[in-house]
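Notes follow the structure.
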Amino acid sequence: MQASQFTSALETGGFFGGILAGIITDRFSSKIRIQGNPRLLVASVFMFLCAAGLHVMNYILAASTSQMFVSGAGFLLGASMFGPISIYGIVASESFPAHLSGTAHAVVALAANVGAVVAGWPLSWIAKTFSWTGVFFLLEILSGASILLILVTRRIHRTSKNKKD
469 MQASQFTSAL ETGGFFGGIL AGIITDRFSS KIRIQGNPRL LVASVFMFLC AAGLHVMNYI
529 LAASTSQMFV SGAGFLLGAS MFGPISIYGI VASESFPAHL SGTAHAVVAL AANVGAVVAG
589 WPLSWIAKTF SWTGVFFLLE ILSGASILLI LVTRRIHRTS KNKKD
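The numbering of the sequence shown is the working numbering, which starts it at 469 and goes up by one.
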């Protein structure tokens with residue numbers, strides 16, 4: 469029962485996180501003028517929240533933690549994981565010519581799904597070797613690396629507001 473509640477909270481958070489990511493990036497993009505794609509800064513905030521959620525999962529939750537708190541952590545984790553996935557698809561669509569935007573989004577979605585499938589074996593090996601603490605710590609590090617990569621490379625490609633075929 470507890471695992472299914474956590475999974476439901478994670479997926480529900482993902483649903484709302486994807487919608488929230490779209491709303492926030494639309495408002496942020498229309499009001500803020502920065503060099504690079506402003507949507508990626510919003511993605512980095514979501515990734516920071518993801519790292520925070522992983523930290524909570526790793527160091528704060530215990531067997532005695534209330535199910536409501538565990539579900540809340542799952543909701544936060546889901547929202548912060550699925551939000552950037554939506555943003556990356558939008559950024560890919562905006563970065564390519566209009567006639568290739570659907571293909572660009574599909575390639576990003578494919579990469580995300582392949583990554584989710586391929587990650588199973590290495591993460592299970594790390595869990596077996598170093599326990600789940602090692603898995604969550606590694607995922608925190610990778611979230612931080614994603615944030616750093618977004619911030620360092622945000623000026624590489626400027627997105628044109630007037631998209632042409």
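Just so it is clear, CB atoms sit at the ideal spot from N, CA and C, and this is done for glycine as well.
Whether residue i touches residue j by CB criterion (7 Å)
i	j	result
L508	R622	yes
G551	G485	yes
A511	G612	no
I615	M515	yes
I553	A580	yes
H544	G521	The identity of residue 544 in the sequence shown is Leu, whereas the question assumes His. Yes; because the gap between Cβ atoms is below 7 Å, this pair is in contact.
For residue i, the first and last residue of its enclosing alpha helix (DSSP H)
i	result
A565	The sequence given here places Pro at residue 565; Ala does not occur at that position. No alpha helix (DSSP H) holds P565; DSSP gives it neither H nor E.
M515	P506 to H523
S532	Note, S532: premise wrong, no alpha helix (DSSP H); not H, not E.
I500	Run containing I500: none; DSSP gives neither H nor E here.
I624	Element bounds for I624: n/a, residue is neither H nor E.
For residue j and residue i, the rounded distance between their alpha carbons
i	j	result
F496	P506	7 Å
A477	G490	20 Å
F474	V524	14 Å
Q535	P565	47 Å
V575	G588	20 Å
N526	W600	8 Å
I618	G504	10 Å
G481	T533	20 Å
I500	V513	15 Å
I555	I609	21 Å
I435	S563	Within the shown structure, residues of the chain are numbered from 469 to 633, placing residue 435 beyond reach of any answer.
S592	F483	26 Å
S472	D494	33 Å
K596	A531	20 Å
I528	F537	10 Å
Cβ shell of residue i (< 7 Å), same chain only, five flanking positions each side left out
i	result
I594	G602, V603 and L606
A577	G557
Own chain residues within Cβ distance below 8 Å of residue i, not counting five before or after
i	result
E479	G546
6 Å Cβ shell around residue i - same chain, five flanking residues per side excluded
i	result
A560	A572, H573 and V576
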